[in-house]
Structures are given as C-alpha cells and as structure tokens.
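A.B. asks:
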Amino acid sequence: MRTHLLIIDPQNDFCDIDGAALPVAGAHADLQRLAHFIEAQQDRLDGITVTLDSHASVAVERTTFWLDAGGQPVAPFTFITASDVVAGRYRPRDASLQAPVVAMLEQLAGAGKAGMVVWPVHCVTGTWGHNIHSDVARSLAAWELAHQRAVTKVLKGEYPLSEHFGVFEADAPVPSVPGTQFNTALAASLAQAADVIAIAGQASSHCVAASYDQFMRYLGRGGTPTPRVVLLQDAMSPVTGFEPLADALFERARAAGTGVMTLDAFASTLR
Numbered sequence: 128m129r130t131h132l133l134i135i136d137p138q139n140d141f142c143d144i145d146g147a148a149l150p151v152a153g154a155h156a157d158l159q160r161l162a163h164f165i166e167a168q169q170d171r172l173d174g175i176t177v178t179l180d181s182h183a184s185v186a187v188e189r190t191t192f193w194l195d196a197g198g199q200p201v202a203p204f205t206f207i208t209a210s211d212v213v214a215g216r217y218r219p220r221d222a223s224l225q226a227p228v229v230a231m232l233e234q235l236a237g238a239g240k241a242g243m244v245v246w247p248v249h250c251v252t253g254t255w256g257h258n259i260h261s262d263v264a265r266s267l268a269a270w271e272l273a274h275q276r277a278v279t280k281v282l283k284g285e286y287p288l289s290e291h292f293g294v295f296e297a298d299a300p301v302p303s304v305p306g307t308q309f310n311t312a313l314a315a316s317l318a319q320a321a322d323v324i325a326i327a328g329q330a331s332s333h334c335v336a337a338s339y340d341q342f343m344r345y346l347g348r349g350g351t352p353t354p355r356v357v358l359l360q361d362a363m364s365p366v367t368g369f370e371p372l373a374d375a376l377f378e379r380a381r382a383a384g385t386g387v388m389t390l391d392a393f394a395s396t397l398r
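Residues 128 to 398 in my numbering are what the sequence shown spells out, letter by letter.
1. Report all residues from its chain with a CB closer than 6 Å to the CB of Ile134; omit the five preceding and five following residues, and keep chain order.
2. Are the beta-carbon atoms of Met243 and Glu290 separated by less than 7 Å?
3. Straight-line CA distance for Gly347 to Gly197?
4. Between Lys240, Val304, Ile324, Gln199, which has its C-alpha nearest Ile175's C-alpha?
5. Please check the pair Arg265 and Ala162, which I expect to be a contact at CB under 8 Å, by giving their CB distance rounded to whole angstroms.
6. Which residue's Cα is closest to the Cα of Gln169: Pro354, Ser223, Thr130, Gln225?
7. Identify every residue that forms a DSSP beta bridge with Arg218.
8. List the residues that DSSP assigns as beta-bridge partners of Pro200.
9. Start and end of the beta strand (DSSP E) containing His131?
10. Which residue from Ala394, Gly215, Tyr286, Asp173 puts its Cα closest to that of Arg189?
11. Can you tell me whether Val357 is helix, strand or coil according to DSSP?
12. Is the segment 238-258 touching the segment 146-162, taking contact as three or more C-beta pairs under 8 Å?
13. So the candidates are Phe309, Glu166, Cys142; which of them puts its Cα closest to the Cα of Asp157?
14. Measuring straight from C-alpha to C-alpha, what distance separates Arg355 and Gln234?
15. Alpha carbon to alpha carbon, how far is Tyr217 from Gly239? Give it in angstroms, no decimals.
16. What do you get for Ala222, buried or exposed, if any count of 16 or more other CB atoms within 10 angstroms of its CB means buried?
17. Note down, one range per segment and in chain order, each alpha helix (DSSP H) of at least 4 residues found wholly within the segment 222-299.
18. Just to confirm the assignment: which complete beta strand (DSSP E) runs, minimum length 3, are found wholly within the segment 306-337?
19. Could you tell me which of Phe369, Pro371, Leu358 sits nearest to Thr389, measuring between CA atoms?
20. Between Phe377 and Val366, is the Cβ-Cβ spacing less than 7 Å?
21. How far does the alpha helix (DSSP H) with Thr396 in it reach, from first residue to last?
22. Using C-beta distances below 8 Å, list every residue in its chain close to Gln319, excluding the 5 sequence neighbours before and after it, in chain order.
23. Quick check on Leu172: does DSSP put it in helix, strand or coil?
24. Let's see if you can read the secondary structure: which residues bound the alpha helix (DSSP H) around Asp157?
25. Between the Cα of Gln225 and those of Leu194, Pro300, Ala202, spot the shortest distance and give me the residue it belongs to.
26. Measure the CB-CB distance between Ala373 and Ser331 and report whether it falls below 7 Å.
27. How close, in whole Å, do the beta carbons of Val185 and Ala209 come, if the pair is a contact with beta carbons under 8 Å?
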C-alpha cells in the first residue's frame with residue numbers, strides 16, 4: 128500500500144506560539160503530534176507534500192489593503208462584501224483597484240460565498256511566520272535523508288487579488304493568472320502517487336477544508352486513479368470562532384466515505 132501525506136500550511140504564523148500572527152488554538156500540539164508520527168512512520172510514508180501559505184504584506188485578504196469609510200484601517204476579521212465596497216463602507220487603499228476588487232467579490236458571491244474575511248497580516252514569504260513549524264521541519268528533513276528524495280513543497284496565495292485557501296485553486300480564479308487556476312498537475316500527481324492520501328495541517332476550518340473539497344471534486348470527475356482519502360483529525364484545528372466550518376468538514380468527509388482518524392489509529396493501519 129502506497130501512502131502519501133499531504134500537510135496543509137504547517138507554518139509558524141498559524142501555531143499558538145509566541146510571535147505567531149494568526150494563531151490557531153491547538154495547532155502547536157497538532158504539529159508536534161504530526162512530527163512524531165512522521166518520525167515513527169518514516170519508512171511507511173512513500174511521499175510527502177507540504178503546502179505553504181505565501182503572501183506579500185499587502186493583499187486583498189489582509190488588513191493592509193483596506194480602509195473604512197472614515198479612512199481608518201480595517202480591523203482583523205472584518206467581513207467584506209461587494210455591496211460594502213460599492214456603498215463605500217470599505218475601500219482599497221489603492222483606489223485604482225476598486226473595480227477589480229468589486230469584480231472579485233461578485234465572483235465569490237456567484238460561487239456561493241457572500242464575501243471575504245480580512246485577516247491579520249500573516250505568512251509573508253521569507254519571514255519567520257512563513258517557515259514550517261520547527262518540529263515538523265526536522266521530521267521532514269529526517270524523511271528526506273532516509274528516502275533520499277525531497278518533500279514536495281507547494282506555495283499558494285501569491286496572487287494579491289484573490290483569497291487562496293485551497294492548495295489546488297484560488298477562491299476567485301483569474302483566467303490570465305495561471306497560479307489561480309485549478310492545479311490539475313498537482314491533483315493528478317497526488318491521485319497517481321498513492322493508494323492512500325492522508326491530510327493534516329492548518330486550519331481545519333479553512334485551508335484544510337478547501338483543499339479537501341477541491342481534491343474530492345477532482346477525484347469525482349472520474350477517469351483518474353481514486354486513492355482512499357483520510358483526514359487526520361488530531362493533526363488539525365479550526366480558527367477560533369470558525370469551529371462549525373471544521374465540524375461541517377468532518378460531516379462532509381464521513382458522508383463521502385473519507386476516513387476521519389487520529390494519528391494513532393491511522394498508524395495502526397500502516398503496520
């Protein structure tokens with residue numbers, strides 16, 4: 128049985144540790160458990176892919192992009208819709224981006240998403256917060272040494288005018304920007320690489336959920352290998368206040384026949 132581990136955004140800024148910009152309660156312990164799992168199951172993991180949330184300091188999904196009607200900075204976790212921007216309740220600091228931002232928010236609405244959350248600045252490429260949690264990084268290095276090949280690392284979120292929760296596709300894909308389009312090559316390589324794809328990382332309410340949903344839609348198209356998918360429940364946590372989104376993920380997963388397991392339970396299937 129070929130087993131591939133897909134780790135979503137195991138980065139410092141998402142951990143509940145000193146200095147983190149967007150700490151997820153429980154993430155530090157999740158990733159410590161995950162690192163131990165990787166070390167203990169090193170010989171049974173045939174491949175590992177790690178996604179990295181990767182942004183500039185200024186982008187549409189962060190506070191540095193926006194002002195309110197009074198010209199003041201927008202607070203983290205503000206929810207913004209297309210109608211908010213049209214009405215002037217919120218506006219881009221760069222007025223030239225008003226039209227494309229409204230178009231993007233309308234695109235989200237057309238996809239069933241009412242708007243977007245504005246987050247604290249986090250995971251700026253090249254910073255400490257962008258780096259992989261130290262315990263996970265050590266376990267990945269040990270896996271690479273043992274297997275004599277590299278862990279695959281995939282950056283997402285570099286296009287500044289769309290949120291990009293899921294690794295396979297931006298929330299508002301742009302035809303002229305390939306990095307926002309569905310990454311068929313990545314999805315196909317994962318589907319072909321293993322009999323089992325185990326998913327871990329942060330956060331279960333957002334980037335894990337979006338990545339899972341995108342991958343399952345790809346598998347549902349048919350014509351490709353269909354590996355078993357497992358969510359490693361004690362290696363992921365939700366953003367505080369968004370717990371219902373994580374609960375909904377696990378409900379969808381179970382309904383789809385996806386395994387929802389602890390690391391220990393999953394490890395027992397690898398022996």
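Think of the CB as a built atom: it goes at the ideal place given N, C-alpha and C, for glycine as much as any other residue.
C.D. replies: The relevant details are as follows:
1. On the sequence shown, residue 134 is found 7 positions in, with the first residue counted as 1. Closer than 6 Å at Cβ, skipping near neighbours: Val177, Ala327, Gly328.
2. Here residue 243 is taken as the residue at index 116 of the sequence shown, counted from 1. Here residue 290 is taken as the residue at index 163 of the sequence shown, counted from 1. Against a cut-off of 7 Å, the Cβ pair of Glu290 and Met243 comes out as a contact.
3. The residue given as residue 347 occupies position 220 in the sequence shown. The residue given as residue 197 occupies position 70 in the sequence shown. Cα-Cα distance, rounded: 47 Å.
4. Reading the sequence shown from its first residue, position 48 is the one you call residue 175. It is Ile324 whose Cα lies nearest to the Cα of Ile175.
5. Locating residue 265 in the sequence shown gives position 138, counting from the first residue. Locating residue 162 in the sequence shown gives position 35, counting from the first residue. Yes, Arg265 and Ala162 are in contact; Cβ-Cβ is about 7 Å, under 8 Å.
6. Here residue 169 refers to the residue found at position 42 when the sequence shown is read from its first residue. Nearest option by C-alpha distance: Thr130.
7. Here residue 218 refers to the residue found at position 91 when the sequence shown is read from its first residue. Its beta-bridge partners are Leu194.
8. Locating residue 200 in the sequence shown gives position 73, counting from the first residue. In the DSSP output, where bridge partners are listed per residue, Pro200 has Leu194.
9. For the purposes of this step, residue 131 is taken as the residue at position 4 of the sequence shown. Run containing His131: 130-135, per the beta strand (DSSP E) assignment.
10. Position 62 of the sequence shown holds residue 189. It is Tyr286.
11. The sequence position of residue 357 within the sequence shown is 230, counting from 1. In this structure, Val357 counts as strand in the three-state DSSP scheme.
12. Yes, since at least three Cβ pairs between the segment 238-258 and the segment 146-162 fall closer than 8 Å, the two stretches touch.
13. Taking the first residue of the sequence shown as position 1, residue 157 is located at position 30. Residue Cys142 is the option with its Cα nearest to Asp157.
14. Numbered from its first residue, the sequence shown carries residue 355 at position 228. Numbered from its first residue, the sequence shown carries residue 234 at position 107. Rounded to whole angstroms, Arg355 to Gln234 spans 32 Å at the Cα level.
15. For the purposes of this step, residue 239 is identified with residue 112 of the sequence shown, where counting begins at 1. For the purposes of this step, residue 217 is identified with residue 90 of the sequence shown, where counting begins at 1. Rounded to whole angstroms, Gly239 to Tyr217 spans 21 Å at the Cα level.
16. Position 95 of the sequence shown, counted from the first residue, corresponds to residue 222. Within a 10 Å sphere around the beta-carbon of Ala222 sit fewer than 16 other beta-carbons, which makes this residue exposed.
17. 225-237, 261-274
18. 323-328
19. The residue given as residue 389 occupies position 262 in the sequence shown. Closest by C-alpha distance to Thr389, out of Phe369, Pro371, Leu358, is Leu358.
20. Start at 1 with the first residue of the sequence shown, and residue 377 comes out as number 250. Start at 1 with the first residue of the sequence shown, and residue 366 comes out as number 239. No. Outside cutoff.
21. Locating residue 396 in the sequence shown gives position 269, counting from the first residue. It spans 390-396 - the alpha helix (DSSP H) in which Thr396 sits, taken as one unbroken run.
22. Translated into positions along the sequence shown, residue 319 becomes position 192. Answer for Gln319: Thr351, Pro352, listed in chain order.
23. Reading the sequence shown from its first residue, position 45 is the one you call residue 172. Reduced to three states, the DSSP call for Leu172 is coil.
24. As a position in the sequence shown, residue 157 is number 30, starting the count at 1. From DSSP, the alpha helix (DSSP H) with Asp157 extends over 154-167.
25. The residue given as residue 225 occupies position 98 in the sequence shown. Selected option, being the one with the closest Cα: Leu194.
26. Position 246 of the sequence shown holds residue 373. Position 204 of the sequence shown holds residue 331. Their beta carbons are under 7 Å apart, which means Ala373 touches Ser331 by this criterion.
27. The sequence position of residue 185 within the sequence shown is 58, counting from 1. The sequence position of residue 209 within the sequence shown is 82, counting from 1. Val185 to Ala209, Cβ: 20 Å. No contact.
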